[in-house]
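Engineer: Got a structure for you, written out below as structure tokens; questions coming shortly.
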Amino acid sequence: MKYSTKLSDTVHVMVLIAINQEKSLSSASIAESVHTNPGFVRQLMLKLKKAGLMTSVAGHARPSLSKPADQITLLDIYKAVEGEKPLLHLDTHTNPDCGVGINIQLSLQEFYNEIQKAAEEKMNTITLQDIINTYYQRTSMQIDLQNII
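Right, here's the structure in full:
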């Protein structure tokens with residue numbers, strides 16, 4: 038089973054846009070950083086535009102955030118790219134002739150709903166600016182370590 042990396046890839050794109058406001062950022066250059074293809078980046082950016090999180094003009098490699106990074110939450114980004122898709126998914130292909138198989142998924146659903154709610158509440162407290170700040174802290178620590186060695 039393949040896990041979706043849309044959220045982390047989209048955050049990556051948004052951080053690139055936020056910290057490179059004066060530079061040209063084509064979908065190809067962003068894709069190189071994300072290690073994916075430009076078409077996938079354009080799909081993510083289109084979703085961000087539709088959600089009102091970024092702006093761009095066709096033919097100009099200058100995307101920008103549509104509001105300050107401290108006003109964009111991780112939940113906003115998640116909803117933009119994943120919609121209402123839950124974090125955890127039930128296996129609907131279990132054996133209906135098995136007592137466990139027929140009831141386990143329904144037994145899990147309530148717990149999955151609780152987990153979803155808690156995750157969304159936490160994601161709503163984390164801003165893009167928090168992620169950018171952590172990024173800068175990490176890069177600063179790496180530079181400090183390189184200077185020590």
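Following my numbering, the numbering of the sequence shown begins with 38 at its first residue and continues without gaps.
Heads up, the beta-carbon is just placed ideally off N, CA and C, and yes, glycines get one too.
If you scan the segment 69 to 150 from start to end, which runs of the alpha helix (DSSP H) of 4 or more residues do you find wholly inside it?
Structural biologist: 75 to 87 and 111 to 119
Engineer: Look up T1 in the DSSP assignment and say whether it is helix, strand or coil.
Structural biologist: With the chain running from 38 to 186 in the structure shown, residue 1 is simply not present.
Engineer: When you compare the CB positions of L62 and A98, do they come within less than 9 Å of one another, or not?
Structural biologist: yes
Engineer: Going by the CB atoms, is the gap between K154 and A117 shorter than 9 Å?
Structural biologist: no
Engineer: In three-state terms, what does DSSP make of T164?
Structural biologist: strand
Engineer: For L102 and V50, what's the separation of their Cα atoms in angstroms?
Structural biologist: 11 Å
Engineer: Between the segment 105 to 117 and the segment 143 to 162, can you find at least three pairs of beta-carbon atoms closer than 8 Å?
Structural biologist: yes
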